[in-house]
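Which chain is which? The protein sequence lines are A and B, in order. Note that this note's numbering has the first sequence beginning at 1, numbered continuously upward. Note that this note's numbering has the second sequence beginning at 1001, numbered continuously upward. As structure tokens, the structure follows; a few thoughts come after it.
There are 2 protein chains.
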Amino acid sequence: MDRATPTAEFALIERIRARAGKRDDVLLGIGDDAAILRPPAGMELAISCDTLVAGRHFPDDTAPADIGWKALAVNLSDLAAMGAQPAWATLALTLPEPDSDWLDGFLDGFCELAEAHGVALVGGDTTRGPLSVTLTVHGLLPAGTALRRDGAGVNEDIWVTGTVGDAAGGLRQWQGGGLQSAKLRYRLDRPTPRVDIGLALRDLASAAIDLSDGLAADLGHVLARSGVGAQLDLGRLPTSRTLAEHFPDDATRWALQLAGGDDYELCFTAPAAQALAIERALASCEVGATVVGRITRDAGLELLQPDGERFELARAGYDQFAAMLP
Amino acid sequence: MDRATPTAEFALIERIRARAGKRDDVLLGIGDDAAILRPPAGMELAISCDTLVAGRHFPDDTAPADIGWKALAVNLSDLAAMGAQPAWATLALTLPEPDSDWLDGFLDGFCELAEAHGVALVGGDTTRGPLSVTLTVHGLLPAGTALRRDGAGVNEDIWVTGTVGDAAGGLRQWQGGGLQSAKLRYRLDRPTPRVDIGLALRDLASAAIDLSDGLAADLGHVLARSGVGAQLDLGRLPTSRTLAEHFPDDATRWALQLAGGDDYELCFTAPAAQALAIERALASCEVGATVVGRITRDAGLELLQPDGERFELARAGYDQFAAMLP
């Protein structure tokens, strides 16, 4: 049969395949019924899967390149939180129409981040429907080294990387329709997965999670899985100068930092005796980390203001089935 | 933080997690940032990803259990076509609302097939939006044994498993709105991935593909990748009695068998000298296989009627970006 006139789907797949990236352990990539990969001996495999839906996980005016970047970033962030080295991804792309310009923009952002982390795109599917992107990412890590959510111990330090609240601040400004900070919007559109930090923490952290739904909700998962509680010192939350300038009111800013999602920083726990080793291990990473509280024996999350008063949070975090974006 | 009142998304995830299945090689399943898996030494990994969108990949009146079954079946079919043993899956589910009854039905069908093949659900994501299901499946196979699309050799036999055209016949009847055969509709809703046949063919077939888009289009991929052509004898196409009864006109039936998708049978090639070994290897499988043609040196797909006349096919196969379902 003559396939000289490829159908729309095959034309899209060819565009993706041309930019899929190469790795020695990819024996067969896009173009067969399945990809064939060779996991290295003695390594465990970390697998994570996340979907981004237009108007729900990113504002409708988000550039295709930013969607491509962010779709991969949020998935690599899950691998970072396990201490895994990213390796392969599959991409399921649902598009309203076979728009090759849109796809090229998407791939620009996706491939920029994929190349930075040596990720090969090994398979996928394109279908017609409302815009949505599902990625499944695969990482590798030495046996027994995964950073899990269930290892936090009483009296350990709670750390947060980089600064938190910027992405939520950017979203809040976009929703308000007024003045928007380009720096905050950039944090919303182009999150940086903390892969290097996850790798550096493998032998140092007792538990880790990435901040996708907000510090309160995500730390809550660690506490629930570890059977412990926590105190957070709000005065120690790492805060960018931009966020502090645009949101000078403490309560408003703390709410963004605690309940706003999309930061994709890491939150991790470690015994206090590891503090210096952690500072050293992270010295060569893109951002550092800050101690923001401690693990407690009693369940629950206590939020302490600088004056010692307790802070009450109206909403814990992002829920997919409650509308955050309009 | 008190999570005693879980949000809608977490409630759905808990329902999925409770029925995820267990495997010794799943060190950490649903509930952390990523699943942690231990691939066995010396094995290669096969990965495939497929999306099903409501109204496009299944009729709108399809039962949730059938959607769950089919979503896994079409993905396991890709692993079958590589000769891989299914192992793990991730599930990305986009639902219009957090409907636990719908989810339970979906999981009934999904888990029935997953248990039959020892597949563990190791991760996923739930989001709100128009109904769509994306699965990424992972299979294992001994190094170097994958059944690829590019191995078909000149003069080899072309085989097809089971019978073809039933699913397309069921879809055609549903679209017509008249008399519908329950048997044909069942083939459309509950395809059987030919995993056992794929495993049996590892050392026997030179190339293989599963029939998702129709025999003409899918065989076309094998021909293109192998740099060969083919002749098909339409009189030898394996045909169920039900299909023959409901579609007695040869040209109509051949068109369904050649251009209709959703059969999820395997099409494979092998040297004629392997015919007896193939019959023997498939004797214990659920269905057998039939020789329907031969690989030719000249490119192109020639369709021969029983009287020796050539048959012209109006449309080669299913294109995601052309509307097949209304």
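Beta carbons: idealized from backbone N, C-alpha and C, even for Gly. All of these numbers come straight from a predicted model, not from anything done at the bench.
- The Cβ atoms of A1207 (chain B) and L1147 (chain B) sit closer than 8 Å to each other.
- In this structure, the CA atom of P248 (chain A) is about 12 Å from the CA atom of G169 (chain A).
- Taking the C-beta atoms as reference points, A71 (chain A) is found nearer than 8 Å to L135 (chain A).
- Look at E9 (chain A) here: in three-state DSSP terms it is helix.
- With respect to chain A, the C-beta atom of R1297 (chain B) has no partner C-beta closer than 8 Å.
- For the pair R190 (chain A) and D1104 (chain B), the Cα-to-Cα distance works out to about 36 Å.
- L1135 (chain B) sits in a strand when the DSSP states are folded into three classes.
- Non-local C-beta neighbours of V1287 (chain B) in its own chain, meaning closer than 6 Å and more than five positions away in sequence, comprise T1161, G1162, ordered along the chain.
- Legend: CB atoms of the segment 40-54 of chain A lying less than 7 Å from CB atoms of chain B belong to residues A41, E44, L45, A46, I47, S48, C49, D50, T51, V53.
- Of all residues in the segment 266-278 of chain A, none places a beta-carbon less than 9 Å from a beta-carbon of chain B.
- Residues of the segment 119-131 of chain A with a Cβ closer than 9 Å to any Cβ of chain B, in chain order: V122, G123, G124, D125, T126, T127, R128, G129, P130.
- Here the segment 1137-1147 of chain B makes no contact with the segment 1096-1111 of chain B; the two share fewer than three CB pairs at distances below 8 Å.
- Restricting attention to A:R128, A:I47, A:Y186, A:A200, the CA atom closest to the CA of I1036 (chain B) is found in A:I47.
- DSSP places T126 (chain A) within a strand segment (E or B) once states are collapsed to three.
- Considering only A:P306, A:E14, A:R310, A:R294, the residue with the shortest C-alpha distance to I158 (chain A) is A:R294.
- Counting along the chain, the unbroken beta strand (DSSP E) around C49 (chain A) starts and ends at 43-53.
- Collapsing the DSSP output to three states places D1196 (chain B) in a helix.
- Excluding the 5 residues flanking it on each side, D196 (chain A) has same chain C-beta neighbours closer than 6 Å at C285, in chain order.
- DSSP, read as helix, strand or coil, puts V1074 (chain B) in helix.
- With 16 or more neighbouring CB atoms inside 10 Å of its own CB, V228 (chain A) falls in the buried class.
- W1088 (chain B) has B:A1120, B:H1138 as its beta-bridge partners, per DSSP.
- DSSP links T161 (chain A) through a beta bridge to A:A289.
- At least 8 Å separates the CB of I158 (chain A) from every CB of chain B.
- Among the residues of the segment 1182-1204 of chain B, none has a Cβ less than 9 Å away from any Cβ of chain A.
- According to the DSSP secondary-structure assignment, Q231 (chain A) is paired through a beta bridge with A:R294, A:E302.
- Going by beta carbons, V1074 (chain B) and R1297 (chain B) fall outside the 8 Å limit.
- The DSSP-derived three-state label of V222 (chain A) is helix.
- P306 (chain A) sits exposed, since fewer than 16 C-beta atoms from the chains shown fall within 10 Å of its C-beta.
- Under DSSP, V1026 (chain B) shares a beta bridge with B:L1037.
- Judged by DSSP in its simplified three-state form, D1032 (chain B) adopts strand.
- Annotated as proximal: L1107 (chain B) and G1068 (chain B), with beta-carbon spacing under 8 Å.
- For the pair of segments examined, the segment 17-26 of chain A was found not to touch the segment 55-62 of chain A: the number of CB pairs separated by less than 8 Å stays below three.
- For T1252 (chain B), the enclosing alpha helix (DSSP H) covers residues 1250-1259.
- Contact between P98 (chain A) and A8 (chain A) holds: their C-beta atoms lie close to 4 Å from each other, under 8 Å.
- One finds A1034 in chain B with Cβ atoms closer than 8 Å to the Cβ of A84 (chain A), taken in chain order.
- Under a 10 Å Cβ-count criterion, L179 (chain A) is classified as exposed, with fewer than 16 other Cβ atoms of the shown protein chains found around its own Cβ.
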